[in-house]
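Numbering (the numbering used here), first residue to last: 15 to 200. Backbone N, C-alpha and C define an ideal beta-carbon position, used for all residues, glycine too.
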């Protein structure tokens with residue numbers, strides 16, 4: 015009789031260990047499947063994690079093309095600089111200034127009582143950071159573009175790093191400290 019209890023408790027332990035192993039394997043699989051976007055970086059050194067919290071930064075301006083809706087957001091350092099009149103006052107943005115452009119493919123709203131396009135699928139995010147010590151060759155600015163893949167819910171660096179635009183593109187606004195986006199009137 016004691017052998018049966020031992021066998022029963024031993025079998026129970028084996029089943030319990032197997033169930034625990036399966037649960038841990040499933041949990042590990044879901045952890046590895048989810049991307050930590052903050053580990054992604056572009057070849058020139060900008061890291062997604064340098065822009066942690068960009069999702070909650072204040073809007074600078076919005077824009078649109080035929081294909082995309084865009085919002086530009088900036089960190090508090092850059093927002094304060096805009097409010098102080100930079101770059102219109104001829105002063106440069108301070109080191110630590112960061113701006114992000116978030117782009118979506120649009121769709122027509124089915125709920126609004128008028129014709130309006132709203133964000134649908136996230137397309138990509140662009141980041142610009144001012145750090146004169148890290149990026150002296152580009153007047154202190156660094157540029158990065160990260161493409162979003164909705165099917166895998168992951169980001170990857172755009173193969174060009176800057177989607178055909180970066181410092182070379184921004185030189186046309188050198189008098190505005192290399193920033194295209196003006197702070198919209200509130």
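Determine, using beta carbons only, whether residue 120 and residue 191 come nearer to each other than 9 Å. Numbered from its first residue, the chain shown carries residue 120 at position 106. Numbered from its first residue, the chain shown carries residue 191 at position 177. For residue 120 and residue 191, no; Cβs fall outside 9 Å.
Please list, in chain order, all residues of the same chain as residue 60 whose beta carbon is under 8 Å from its beta carbon, the five residues on each side excluded. Position 46 of the chain shown, counting from 1, holds the residue named residue 60. These residues qualify, in order along the chain: 141, 143, 156, 157, 158.
So for residue 68, helix, strand or coil by DSSP? Position 54 of the chain shown, counting from 1, holds the residue named residue 68. Three-state result, residue 68: helix.
Could you tell me which residues DSSP puts in a beta bridge with residue 120? On the chain shown, position 106 is the one that residue 120 refers to. BP columns for residue 120 point to 133.
Check the C-beta distance from residue 62 over to residue 54 and give it rounded, since I have them as a contact under 8 Å. Numbered from its first residue, the chain shown carries residue 62 at position 48. Numbered from its first residue, the chain shown carries residue 54 at position 40. Between residue 54 and residue 62 the Cβ distance is about 5 Å, and since that is below 8 Å, they are a contact.
Rounded to a whole number of angstroms, what is the C-alpha to C-alpha distance between residue 107 and residue 164? Numbered from its first residue, the chain shown carries residue 107 at position 93. Numbered from its first residue, the chain shown carries residue 164 at position 150. Distance between the alpha carbons of residue 107 and residue 164 is about 34 Å.
Give the C-beta separation of residue 111 and residue 92 to the nearest angstrom, bearing in mind that I take them to be a contact with Cβ-Cβ under 8 Å. Mapped onto the chain shown, residue 111 falls at position 97. Mapped onto the chain shown, residue 92 falls at position 78. Contact flag correct, Cβ pair sits at about 4 Å.
Beta-carbon proximity list for residue 66, same chain, < 8 Å, skipping 5 on both sides: For the purposes of this step, residue 66 is taken as residue 52 along the chain shown, with counting starting at 1. So the list reads 52, once near-sequence residues are dropped.
For residue 96, the first and last residue of its enclosing alpha helix (DSSP H): On the chain shown, position 82 is the one that residue 96 refers to. First-last of the alpha helix (DSSP H) with residue 96: 90-97.
Over what stretch of residues does the alpha helix (DSSP H) that includes residue 182 continue unbroken? Taking the first residue of the chain shown as position 1, residue 182 is located at position 168. Per DSSP, residue 182 belongs to the alpha helix (DSSP H) from 181-184.
Buried or exposed by the 16-neighbour rule on C-beta atoms within 10 Å, applied to residue 160: By one-based count along the chain shown, residue 160 stands at place 146. Label assigned to residue 160: buried.
For the beta strand (DSSP E) that residue 171 lies in, which residues bound it at each end? In the chain shown, residue 171 corresponds to position 157, counting from 1. Unbroken beta strand (DSSP E) run through residue 171: 168-171.
Could you give the DSSP three-state label for residue 188: helix, strand or coil? In the chain shown, counting from the first residue as 1, residue 188 sits at position 174. Three-state result, residue 188: helix.
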